[in-house]
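Have a look at the structure below before the remarks.
Numbering (our numbering), first residue to last: 28 to 152.
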């Protein structure tokens with residue numbers, strides 16, 4: 028791959044990073060609120076130790092911050108996957124790679140609310 032092509036490729040990935048990070052922030056916000064709502068509706072009636080406090084919110088915020096950092100490391104690796112495996116410099120390959128990574132990254136925060144539902148069915152249903 029020629030140097031100018033690598034530059035354009037890097038620019039392509041850089042231009043989508045804001046969309047990626049905004050998506051992660053929205054996904055985190057929605058999944059946290061879903062966690063809180065499902066916890067209050069499904070878990071709290073059976074286990075009064077379930078609570079969302081300023082401390083737990085702060086702890087989860089710090090944890091989510093590290094998740095975003097790790098997700099951005101994997102986003103950065105998307106550029107290298109594109110360079111090494113997209114031999115034809117296909118825009119379709121690049122777009123599919125971005126979209127699949129983006130959707131997967133948006134899904135990860137929802138694992139916690141899903142675990143709340145699983146806990147409800149395993150322990151209380």
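Backbone N, C-alpha and C fix where the C-beta goes; we use that ideal spot for every residue, glycine too.
Item to complete: Using alpha carbons as the reference points, say which of 47, 34, 58 lies closest to residue 137.
Response: Position 110 of the chain shown, counted from the start, is the residue given in the question as residue 137. For residue 137, the nearest C-alpha among the options comes from 58.
Worksheet item: So, using beta-carbon positions, are residue 100 and residue 124 closer together than 9 Å?
Response: The residue labelled residue 100 in the question sits at position 73 within the chain shown. The residue labelled residue 124 in the question sits at position 97 within the chain shown. Going by C-beta atoms, residue 100 is not nearer than 9 Å to residue 124.
Practice prompt. Can you have a look at residue 85 and say buried or exposed, based on whether 16 or more other CB atoms are within 10 angstroms of its CB?
Written response: Translated into the one-based positions of the chain shown, residue 85 becomes position 58. Around the Cβ of residue 85, a 10 Å sphere holds fewer than 16 other Cβ atoms; the residue is exposed.
Worksheet entry | N-terminal and C-terminal residue of the alpha helix (DSSP H) that residue 31 is part of | Along the chain shown, read from residue 1 onward, the residue named residue 31 stands at position 4. Segment 30-65, the alpha helix (DSSP H) holding residue 31.
Item to complete: List the whole-angstrom C-beta distance separating residue 113 from residue 121, where the pair is believed to meet the contact cut-off of C-beta under 8 Å.
Response: The residue given as residue 113 occupies position 86 in the chain shown. The residue given as residue 121 occupies position 94 in the chain shown. Going by Cβ atoms, the distance from residue 113 to residue 121 rounds to 6 Å, so yes, they are a contact pair.
Discussion item. With a threshold of 7 Å on Cβ separation, who are the neighbours of residue 91 within its own chain once the five nearest residues in sequence on each side are excluded?
Written reply: What you label residue 91 is simply residue 64 of the chain shown in a count that begins at 1. In the same chain as residue 91, and ignoring 5 residues on each side of it, the C-beta atoms closer than 7 Å to its own belong to 55, in chain order.
Fill in: Residue range of the unbroken alpha helix (DSSP H) whose run includes residue 117
Against the chain shown, residue 117 aligns to sequence position 90. That residue, residue 117, is in no alpha helix (DSSP H); it is neither H nor E in DSSP.
Worksheet item: So what's residue 79 in DSSP terms, helix, strand or just coil?
Response: By 1-based counting over the chain shown, the position of residue 79 is 52. Three-state DSSP puts residue 79 in coil, outside helix and strand.
Discussion item. At the level of alpha carbons, what is the spacing between residue 129 and residue 44?
Written reply: As a working mapping, residue 129 is identified with position 102 in the chain shown. As a working mapping, residue 44 is identified with position 17 in the chain shown. Spanning the two alpha carbons is a distance of roughly 10 Å.
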